[in-house]
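Peer 1: Below is a structure I'd like to ask you about.
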Amino acid sequence: MPKQFRGNRYATRWQLMDSSSDLPLFRDVQDSSEEYPFAINEYDELVEDYSATGLSLNQHPITLLDKAGRLGRFTRQRDLQQIRHHSMVTVIGVVTGRQSPGTAGGVTFFTLEDDTGNINVVVWQATAREQKQAYLTSKILKVKGVIEKEGEVIHIIAGQLIDLSDELAQLSSRSRDFH
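Under the UniProt record's numbering, the first residue of the sequence shown is numbered 1, with each subsequent residue one higher.
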């Protein structure tokens, strides 16, 4: 077993595989002194983090996609307070929750998480029916809608739902859905 593990998770796995000579099948195999031959990239690190824990302490998916120029123009949660009531707005986030309370009269409440906070989205039943695929299956969602503000509470009334999940297809993120 190596005295210490260093580097990234891939280098650690590489070192562990190299220590398999302790097993009977590999007793006569010479140890390799090679370091892990590949560099890890931000995308793979993010996918590994989400796969293991459902989050990443290094980088948010929205930050990664925005740096890669794959999101276009949108408003982050931290900037919504400056937008005027009833203005059109585009937001993007990881879908962390969907709620359809029985008393809500066909309304579903989405929670999107961008790299600055949570965004509350209201999806009326007609909008959900028209855009069923994005409504039901999206992991990363772009919402074009109208901002509604009451004091500190901000909601986006969804007009258009655009599924951006393919931008990070390997991301294993699950929303918490309550129906």
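For every residue, glycine included, the Cβ atom is placed at its ideal position computed from N, Cα and C.
Are Lys139 and Ser100 close, meaning C-beta to C-beta below 9 Å?
Peer 2: Contact flag unset, no.
Peer 1: Given that a residue counts as buried once 16 or more other Cβ atoms are within 10 Å of its Cβ, and exposed if not, what is Thr127?
Peer 2: By the neighbour-count rule (16 or more Cβ atoms within 10 Å), Thr127 is buried.
Peer 1: Just list the beta strand (DSSP E) runs in the segment 129-169, keeping only unbroken ones of 3 residues or longer that don't cross its boundaries, in chain order.
Peer 2: The segment 129-169 contains these whole beta strand (DSSP E) runs: 140-150 and 153-163.
Peer 1: Using the three-state DSSP reduction, which class does Asp114 fall into: helix, strand or coil?
Peer 2: The answer is strand: DSSP assigns Asp114 an E or B state.
Peer 1: Quick check on DSSP: helix, strand or coil for Gly102?
Peer 2: If DSSP states are grouped into helix, strand and coil, Gly102 belongs with the helices.
Peer 1: Assign Ile62 to one of three DSSP states: helix, strand, or coil.
Peer 2: Here Ile62 sits in helix by DSSP.
Peer 1: To the nearest angstrom, how far is the alpha carbon of Thr53 from that of Ile162?
Peer 2: Roughly 26 Å between the two C-alpha positions.
Peer 1: Note the first and the last residue of the continuous alpha helix (DSSP H) segment covering Val47.
Peer 2: First-last of the alpha helix (DSSP H) with Val47: Glu42 to Thr53.
Peer 1: At a cut of 8 Å, does the segment 42-50 reach the segment 99-117 through at least three beta carbon pairs?
Peer 2: Verdict: no, contact absent.
Peer 1: So, for Leu57: in the same chain, excluding its five sequence neighbours on each side, which residues have a beta-carbon less than 8 Å away from its beta-carbon?
Peer 2: The answer, listed in chain order, is Asp49.
Peer 1: Gly145: buried (16+ other C-beta within 10 angstroms of its C-beta) or exposed?
Peer 2: It is buried - the Cβ of Gly145 has at least 16 other Cβ atoms within 10 Å.
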